[in-house]
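Taken in sequence, the protein lines are chains A, B, C, D and E.
This note's numbering puts the first residue of the first sequence at 7, with every later residue one more than the last.
This note's numbering puts the first residue of the second sequence at 33, with every later residue one more than the last.
This note's numbering puts the first residue of the third sequence at 130, with every later residue one more than the last.
This note's numbering puts the first residue of the fourth sequence at 15, with every later residue one more than the last.
This note's numbering puts the first residue of the fifth sequence at 247, with every later residue one more than the last.
What follows is one structure encoded as structure tokens, with my remarks underneath.
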Amino acid sequence: MRELHQRLKSLFPLGELTEQRPDLGFVTVPAEYLRPLLLQLSDREGFTHLVLLTAVDWIEDGQFQLTYLLSNRGAARDLGVRVMIPRPANGLATMDGIHDIWPTAATYQRELREMFGIDFPGSPRVDEEFILEGWIDKPPYRRDFDTKKFSEENFNHRPGRETRDPEQYMKQQLYPDGK
Amino acid sequence: MKPELMKRMVKGPDGQEFEVEPLRDYYCEAAPTVMPAAYIKIVEDFFNWARSESIWILGFGTGCGAIEMRPLMTPRFDAYRYGVQWRPTPRQSNLFIISGYLSVKTLKRAIRSYEQMQSPKYVIGLGSCTINGGMYWDSYNTIKRLDDYLPVDLYIAGCMPRPEALLAGFMDMKKIIRAGNAEGANKYAENFDWYKANQKQVIHDWDMPDYNW
Amino acid sequence: MVSAIFILAAALAAAFLLGLLKDEQRGVAYAITLLALAFMTWISADWTWAFAMDGAASVDIFTAGTEPPFAINLRVGLAEAVLTLIISLTALLSALAMKDALLALGRRAMAVLLVATLAFCGIVLTRDIFNLFVFFELAAISTGGLILLSDDERALAAGFKYLIVSQVISILLLIGIIFAYHATGTLNIDGMADAAQSILPGSRQAFMLAFFLMFMALVAELKPFPANGWALDIYESAHPAYSAIFSAAGGAAALYAVDKLLLVGGTAWLPAATGIGVVTFVGANLLALPQTNDRRLLGYSSVAQIGLILTVLGQRDVLGDLTGFVALGLLLAHSVAKAGLYWLSSLVAGRELSAWAALRGHPLMIFAFATFLCLLVGLPPFPGFYAKWELARVLAAEGRIALLALILFGALIEATYLFRWFGYTIKRDKPAEDIACASGNVIAICVAAVTGWVLGYLWGDAANVMLGRGNLLLALPLLFALAFLLLEWLPAWTKNMLAIAGLVGYFALTWGDYDPLRLIFFVIFLIGGAVILLASFHAHGRRVGFYPAAMLMYAGMTMLIEATDTFGFFAAWEILTVGSYFLILRGKHSEPHALSYLVFSLGGAFLILAGFALAASGAPLGVSPRLTFALSELAQVAQPLAPWVFLLLAIGFMTKTAAIGLHIWLPGAHAEAETDVSPMVSGILLKAGLFGLFILLMSMGKQQLYGIELTYVMLWIGAITALLGNLMAIFQEDAKRLLAYSSIGQMGYALFGLALMNHLGWLMALMFVINHYIYKSMLFLSVGGVAKRTGTRAMYQMGGLIALMPLSFIAVLIGIIAMSGVPPLSGFGGRWIFYNAILESEYRLPMVVIFLSGPIAFLYLFRLIHTIFLGQLKDEHRKLKEAPFWIVLPQMIYVVLLLAFAVVPGIALRRVDEYMNQFFPTGGLNWSGLNISSPYGYWDPIAIMIIVGCIFMTLFLWLLFVNRKAQKVKQFNIVFAAERPYRPETTHFAWNFFAPYRKALGFLVQPFVTQFWGAITDTLHTGADIARRFYTGNGQTYAIHLLGFVVAVYLFARGI
Amino acid sequence: MIAQIAMATGFALILIGLYGALTNHNLLRMIVAFTIADTGVNIVIVAVGYMAGRTAPILDAAVPAAEAAQRIIDPVPQALVLTAIVIGLGITALMLAYAYKLYQKKRTLDIGKLTELKW
Amino acid sequence: MKIPYALLTLFIVVNFGFLQNALIQKIAARVGRRYGIPVWQNYIDLIKNYGQRSSITHGVMFYLGPVFRLSGGVGLLLFVPSIYGSEMFSNFSFAGDLILALYFVFFGTLGMALGAAESGHPHSAIGITRGLSQVTAAELPFALAVFSVALQYQTLSVTDIVAAQQGSILNWTVFTNPLAVAAAMLGFLGSMMRPPFDVVLAPQEIPIGPPTEYHSSYLALMQTNRAIFPVAKMVIYMSLFFGGATSWPVFFLKVFCIYLWSAFVGVVFPRFRVEQSIRWFLIWAVPIGVLSIVLM
């Protein structure tokens, strides 16, 4: 993993390698180097499989983190490539799609478009509804979306619901004498 | 709305142009009506007995509770001996079990399936999610009161209720039917506007006819 | 009577007269030319009339006043008169046709034209061998001059090539003449012939060589294959009007020269003539296949025709007195047609075959074109047909089967490319440029077309007088059909009324004449035809071309029933083939299919011809070959010929019923035909083949070949046809193709029933005949009506039409219930008889196949009704209306008929059942009251109908009562696993409907047969395409070909 | 003897002519060759008609009509030759005319180049 | 006079069919260690379906489909004599022979297919496709066997065939012509809609095949048919191969045993795809049938 990192580092301005397990590491790369890096990985380094593409909302930094998790099946190694892209407060973030490298990426990109509001211009069917139908609010996975508030405003509640701390409650139920 | 459902101009083979509006042309627009019971009480009682002894369940697992219904067909629980069977098509089913949480998206399908069943038809809410939202009480996309949207005859509480609980639920259901109190379909027809209003309140992209025959 | 020498004199005088004119007086010169040609025509016509009508003896004309050998003499007999008539008439009409060219080039050209005519006439008239040479040279020189008339620059080179070759020819001829003279001491042909008998053995060799040289020289003038590249170049590049002369007149003259010369050589040279002729016929026709240039194609065809006539001349030893009838018939047909076609070609701007589509929109020209093609191919009622028949009869009688086969093969290829061309003309895109309608040309063409018909009458008359065959052009049905040609200006509905009245009227007049079997076919052909014609009322406008073709087909079928002897039968067969071809060709995309239909049909017809000819030769009674041969006499054909006759006839008839292997024409032909034509060709036309098989089996019974029972083979063919026909039907996406394949399967059943050779088997076949007519006509009509409304035949594009087209739906529903054999409708009767029939038969294995094919019929029938009428209605079909009234009306009639026939099948079957006792005394049905019973089982149609009806109605009323409050829903109100449909297209399950079946049994429907025939046609085409590279275009090469040809013939002759 | 020589010469000329006509590519040469062949043919004809020791078939003082049958050679070949020569001339003239026109149009006399029409 | 007797036959057979179906289902359940449904469950289901208050219709053919289906079943039953030697229970067999019965089988099939198709549901159409495809192959061995038997007895009359088998158990076709019976019994499996040949209905995959859209009283009619039709079919098998029945108890016993055969196979085998079952019939059943004909 390290020597892979070294090799790649000579080619791309990579960040430090975070080794989560011996066979799983993460590196950060500037957005403009993502595509060459992915191509290098898929074509030269044997990372032929896109395991997943997901995002993290770093609302404090005003950034989205995209994680492209690739797998080299022959060597049984996984490498996550992280990219930080700017996160506009309102409206869409944009990023280049990689659906031409891995067609499956289009599905992830649709999901990210719907759930995070990250647009991948040109990705197939990216503007169509993915999971949500008739969604009217801001993308629900953004951290500034208040799901509880949304739920209270939109869905009828049945009165009488109590909320307890499960641990305390179970303790009370099982050991009512409070031992 | 899907582009397939939009109005469109179509040119016939003879060159005539006309408008096709799928929701109007392809779907029956009639509203449901209240179906009266049989004219003679004893006949209705007889039918109710038959209905209670022959409960056909729509095999539509809406949530995680669906997994609890499978064991009912196995030797251990064997619901068949109570006249309970699963049917793969709503047309032939009498009982719709909403098995657990119901997202808005699934709700749409559930409504559709419910409306396609023939009356008399019954709904059982399975698990606390259908009662008050359960562990999804603050989720952005699940409903919390099933009876606002469909006429529920019976709730089986639990998260999740075990198959035994379901069996007990069936027995209660039978009692309700036999007593002639399972008039959910008629209730739905009577309060059709109220149900529709509730449904449309959460389903923002309402893209089907008001009643799915 | 004007002396025939004036034919020559007039031309000569006029030519000289032209020389005296001023160059500017072109109009006068043209008038003189025409006058002279007209005069020549008149003289020869006068002589022809004298010989033909008054039976005058032939006349010798002594030019120098003395008899030969001291002077040249000319002779006029019937043949000469006719030939000069052809030549001068062709020249006259050509002069009309090339008026512009002649006027542009002035009097010299006209003089040359006159000289050419003179030369050709001289060749015919003269009896002097050297004079013959002179006339040939004259012809060569004038031809050289006339080629220059063409606008085509390439003609120059062609003319030069021609001159090179004629130089070589003249060298050969001169040397031959002088040595022949040396040996015989005379130049007179008749004298030479006499002297040749008494030549001493020592000089015989030399004389034979001399004769050989002369013979080869004259044969070379006939453009024998393959030494004929020069001629083709001329045909392609010369002025078409001159090509007409070159082909019609030149060919006739040269042929007659060879004929005269053969007098000298005697019978020893006949095989050589035959050989050269037949090689030319087949070779030139083959090479014509890949041609795309119309004139060159016609050139090849000319060469081939001349070859055929040479073959006939070579068969003089067996043809005897018939030689003239046959040869002249072929020659006249060829001349008239070829001249006409060349004139037509000058109307057309483009040289591609498809450029002839410009003729479309000129019905008269199309009519002429069709006339010429039929003349060339030898279809009835034209002279070539009579000639072909006699030729085949005699050849078969003499055991020259191989020659007959070659001739028929060549004729088939010829028909192929000619009718392919006709197909292009009718179906290809019209070129931008319309045809140039010069009046002279049009007159010439019309005269030729009329002449063709007159010749048809004359030959029919001659056949009637000499051979006792009926003149086809006097047959009432045929005349009735042809009358529609004259009525083309009427609106379609009037013609339709006339047609229906004609069919029904003729039926009413004659139906009493027939035995029950024929009567059933007669009813289907005429009354059935009339019912289908009801559907034709929906057509608007004049529908030019439809009625002559349709009525021609019906006429053929009527005559088929009426025929008592083989000739009449065969003539009727060809008439119905041609009529149906024209009919099928009318479909929008039917061009290739109509062609393959025609090719297969003609191939089958030729087999039938051969079979009949063979049968006539094998009959033990009377003199062999006998002139007429009654159909019933087929029974008396003796071994070992009988099985071969049976084989040929059976294959011929099975081509029409589309037995497997010979079926590939059917789907396209039936599917692509027009809405009301499909039921005609499927419901009615196919029965003609079955009728033939009935006749065949009735008279010949079981036959064995090499120990194999031929009917047993037919049984297998029938079974496999039924299976594969049905199997292929289920994989069709096109509704009409599906029905067409289903017809193949149904015909397989009928064939199977016939081949069972027992009472019930035949009854079943007959039941299929009736049933298939009714339900297939009905289905084709309703599917046609639907296709008309939806604008497509692809079933998956339809769907849900039941509410919009309920009557069509009912027709299809009744049709498929009947067809699948489900009680209580009439199809069940067929199945019931079928089971009883096979129980009686001793063959077991083929049953297995037919058992499998039965249920398969359900698959395609269900598919038909489901994908069209049930399922999901498409957007664009939401406003469709029911099919037109006139298309629905016959369907409703059929529905009634089907129900009636289901309840009382006895109406039709009982009498036939009794009639069949004469062939199979045992095993008939027992008709007691309403109950029908066989030795094995019983069946009561009325009881079945009542019981089923009662049960059905009771349950229906019960359901109606219980379900009285049912909510009517629309097409998308279906349960869809919680999802729902979005578009009808994606919801209608229709395409590749029987995918699992394809996975399981798809290997059975690999298109092996199509590949087989495709491979054959490809091989022929490619072979011909490669072989024609032999014609390099170099004049020297052509000359070498000629020399090589001479050497080859010499070696062959020596070898023989 | 003379007849045989003439005959042989004639045939030789024919063969030469034909050979020339079939091997030369130049139109004019071909025409010339054909003329040679024609001449050969004419010689052959005359040679066939020749009878040793007889005279030309001209009825004049030298050969009275009465003896003609014994004294003169067969006149027919002679007549034929005359006709043949005339016709040969005609054909040759026509060929020359063709060659002229061809050269005008195509600017070539090579027979191998006049092959637009083929197959 | 025939009619009351025919109705009596019908009544007996309907009840027998309902009970038999339930019993077979119970047996299948017992194989799976379940109790299974009560034997009267089918009656309740029937009543329940008639008791449904609402129904919908897709059109005329949709209406007619179940009518066709049940007419087919009833007709088939009535065209074949049920009890040999009984004038009472020979029903309407005077109207036609074995061939009539064989072809009448398709009456209901075809009508049902049409009705289901009009619902416009693709799964119905898919189910029909499968059903028709499979039945072509499954009917073949049966047709061959019938032909073989008809050849053997030289008659197509069911009564005569049964008559020829009377006397001793060894006179039954199953002993006199075992190959034909073997072929027919293999074919029988394919026509009973039980595993391994039940891909037509294929619950869960194409919800339930042809009857996907049928409900309420339509379904009730079809349920009735499911009671009658198999029995009617098995009567033919019984009459042709197993000596027929001379009394109702024998009738019940034989029909039940024949049914048991398909149930027995059904409970132990998984499902064939259509093309597999076609191949299976053509490879295993048809040759036996062919042999039986050739050796006959």
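No residue lacks a Cβ here, since even glycine has one placed at the ideal position from N, Cα and C.
Quantities reported herein were computed from a predicted structural model and do not represent experimental measurements.
As assigned by DSSP and simplified to three states, the class of residue i
i	result
C/Glu838	strand
A/Asp29	coil
C/Ser295	helix
B/Trp118	strand
A/Lys177	helix
C/Leu257	Checking the sequence shown, residue 257 of chain C turns out to be Asp, not Leu. Strand, per DSSP.
C/Arg1039	helix
B/Val52	strand
C/Gln1165	helix
C/Val1104	coil
E/Val326	coil
Alpha carbon of residue i to alpha carbon of residue j, nearest angstrom
i	j	result
C/Met907	C/Leu681	23 Å
C/Trp702	C/Gly513	16 Å
C/Ala798	C/Tyr726	7 Å
C/Gly528	C/Phe496	39 Å
C/Trp171	C/Pro1136	60 Å
Contact belief for residue i with residue j at Cβ below 8 Å, rounded distance in angstroms
i	j	result
C/Leu1002	C/Pro1113	6 Å
Residue range of the unbroken alpha helix (DSSP H) whose run includes residue i
i	result
C/Val455	451-476
C/Phe191	Per DSSP, C/Phe191 belongs to no alpha helix (DSSP H); it is in the beta strand (DSSP E), 188-191.
E/Pro240	Shown here, chain E extends from 247 to 542; a query on residue 240 of chain E therefore has no answer.
Extent of the continuous beta strand (DSSP E) run through residue i
i	result
E/Glu521	Looking at the DSSP string, E/Glu521 is not in any beta strand (DSSP E); the run it does join, the alpha helix (DSSP H), is 520-526.
B/Lys43	40-43
A/Ile91	83-92
Are there three or more Cβ pairs, one per stretch, closer than 8 Å when the region 28-36 of chain D is compared with the region 49-69 of chain D?
The count of Cβ pairs closer than 8 Å, one atom from the region 28-36 of chain D and one from the region 49-69 of chain D, reaches three, so the stretches are in contact.
Pairing CB atoms from the region 243-253 of chain C with CB atoms from the region 90-102 of chain D, are three or more of them under 8 Å?
The region 243-253 of chain C is not in contact with the region 90-102 of chain D.
Between the region 1075-1085 of chain C and the region 986-1001 of chain C, do three or more beta carbon pairs fall short of 8 Å?
The count of Cβ pairs closer than 8 Å, one atom from the region 1075-1085 of chain C and one from the region 986-1001 of chain C, stays below three, leaving the stretches out of contact.
Across the region 519-531 of chain E and the region 487-501 of chain E, are there enough close Cβ pairs to call them in contact, namely three or more that are closer than 8 Å?
The region 519-531 of chain E, when compared against the region 487-501 of chain E, does not touch it at the 8 Å Cβ threshold.
The region 584-597 of chain C contacting the region 654-673 of chain C, beta-carbon criterion three pairs below 8 Å
Contact fails: fewer than three Cβ-Cβ distances are below 8 Å.
I want to know whether the region 99-116 of chain D touches the region 284-302 of chain C - three or more CB-CB distances under 8 Å.
These segments touch.
Is the region 302-312 of chain E close to the region 64-79 of chain B, with three or more CB pairs under 8 Å?
These segments do not touch.
Is the region 171-179 of chain A in contact with the region 206-213 of chain B, if contact means three or more CB pairs nearer than 8 Å?
Segments in contact, no.
Touching by the beta-carbon criterion (3+ pairs, under 8 Å), the region 731-750 of chain C and the region 773-783 of chain C:
Taking a cut-off of 8 Å for Cβ pairs, the region 731-750 of chain C and the region 773-783 of chain C touch, as three or more such pairs fall below it.
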